[in-house]
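Peer 1:
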Amino acid sequence: MAHTNGGNPHDIKIGYIGLGNAGYPLASTLSRAGYHLVVLDADPTRAERFAREHANAKAAGEHDSNAFHDVKILVTMLPNGEIVRDVLLGPVGGFAKHLKDGTIIIDTSSSSPFHTRETAQLLSELNASLTLIDSPITQAYQHALGKGDATLMVGCSDPEALEVAMPVLKTMGKYVFNMGELGAGHAMKTLNNYTSAASILGLCDALIAGQQFGLEPKKMLDVMNVGTGVNFSTKESFRTDGLTRRFESGYQLSLLLKDMKIAKSVLEATGVQTDLSSLIVEKLTVADEVAGPGADHTQVIHAWEKANGVQLKQSRQPDS
């Protein structure tokens, strides 16, 4: 199926499903660039709010199966790949069968690369002209998404479709990496998060041990941030949300646990011999239970505090 080039925002209508903490600011970057959007969220009031705040966007009808019938690109930003598949192919959503031929679907969710490839096969069986691209996101600093500074990791097996989608991807992200075939983006995302999660566990250990020794937790982060211990948690989430006990990084602990289960499956499938992935999943499972439903991922520290009978000293919100 031939794909027309997507360089001019005014020539392309984009469907966008999922307006949560990541989806809302990402969709906003597309609207600001001049793309016309049709948006949908599980909470209809979010879609309605988005339409009010963005003149070139409209909210899809909650039960309108044809809401995206004339879009060229459909972007999904949902909690997991199972929900993505249900929205596209399930009995309730099932939007895929109403898409026009040649539609490109970009999944920016954090999903299993194996599940993504299975979804692509199911889409192909429904309509061979549909193309699925996986393009999950990460960021170098908190709240980068709304500024168009996201990092996108792309997997696509159709170079022609990727060429059409690239202007849209580059609008959502400052850094766009073509990682390879379909599924490669999701593989990269889960391994990125795996590395980050390992640093979070090490940081929790270090902060508890440091305070027990008599060190100031905030000063510990100050040292790490100009030393070899620096990572995203020391620079961003634990500095602004963990030690301040604000716990509003925007990334839920349950999602981190989900991502680590995906990472574990990728490590196992590739034959990597390691105990670390199991340990991370074990520790985060306990932390998720301790912190409770809806907890921010920085509340992982609660499990360490509970296990050691100590609470980290609270610091004030940093100036920048």
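So in numbering that gives the first Met the number 0, the last one in the sequence shown is 319, and the numbering has no gaps at all.
Glycine included, each C-beta is placed from N, C-alpha and C at the ideal position.
As the structure is a prediction and not an experimental result, all values here were calculated from the model.
1) Return helix, strand or coil for G147, following the three-state DSSP convention.
2) Tell me the start and end of each unbroken beta strand (DSSP E) in the region 19 to 57 that is at least 3 residues and wholly inside, in chain order.
3) For Q316, which three-state DSSP category applies?
4) Rank S108, Q141, F231 by C-alpha distance to the C-alpha of V86 and give the top, closest one.
5) Taking the alpha-carbon of S30 as reference, which of M171, V175, V289, A294 has the nearest alpha-carbon?
6) Please list the terminal residues of the continuous beta strand (DSSP E) segment that includes N177.
7) Using CA atoms only, rank isn't needed, just tell me which of F212, A119, C203 is closest to E380.
8) Assuming D258 and S248 form a contact by the criterion Cβ under 8 Å, report the distance between their Cβ atoms to the nearest whole angstrom.
9) I want to know whether the region 252 to 270 touches the region 221 to 234 - three or more CB-CB distances under 8 Å.
10) With distances taken from CA atoms, which of F94, H97, I132, K99 is nearest P112?
11) Take N126 and list the residues in its own chain whose beta-carbon comes closer than 8 Å to its own, dropping the five residues that flank it on each side.
12) Could you round the C-beta distance between R245 and Q316 to whole angstroms and report it? I think they count as a contact, below 8 Å.
13) So T28 packs on V70, CB below 8 Å; how close in whole Å?
14) Taking a contact to mean a Cβ-Cβ separation below 8 Å, would you say N192 touches A268 in this structure?
15) DSSP beta-bridge partners for T75?
16) In the DSSP assignment, find the unbroken beta strand (DSSP E) run with I82 in it and report its ends.
17) Hey, V153 and V167 are a contact pair by Cβ (cut 8 Å); roughly how many whole angstroms apart?
18) Looking at V265: is its Cβ nearer than 8 Å to the Cβ of A186?
Peer 2: Checking against the coordinates, here is how it stands:
1) coil
2) 35 to 39
3) coil
4) Considering only alpha carbons, the answer is S108.
5) Among M171, V175, V289, A294, the Cα nearest to that of S30 is on M171.
6) 172 to 179
7) With the chain running from 0 to 319 in the structure shown, residue 380 is simply not present.
8) In fact, because the Cβ distance is near 14 Å, the residues do not count as touching under 8 Å.
9) Not touching, per the Cβ criterion.
10) Of the candidates F94, H97, I132, K99, the one whose C-alpha sits nearest the C-alpha of P112 is I132.
11) A95, K96, L98, D100
12) At roughly 7 Å, the Cβ-Cβ gap stays under 8 Å, so R245 and Q316 are in contact.
13) Not really, about 17 Å apart at Cβ, beyond 8 Å.
14) no
15) I16, D106
16) From DSSP, I82 is part of no beta strand (DSSP E) but of the alpha helix (DSSP H) over 80 to 88.
17) About 11 Å; that fails the 8 Å criterion.
18) yes
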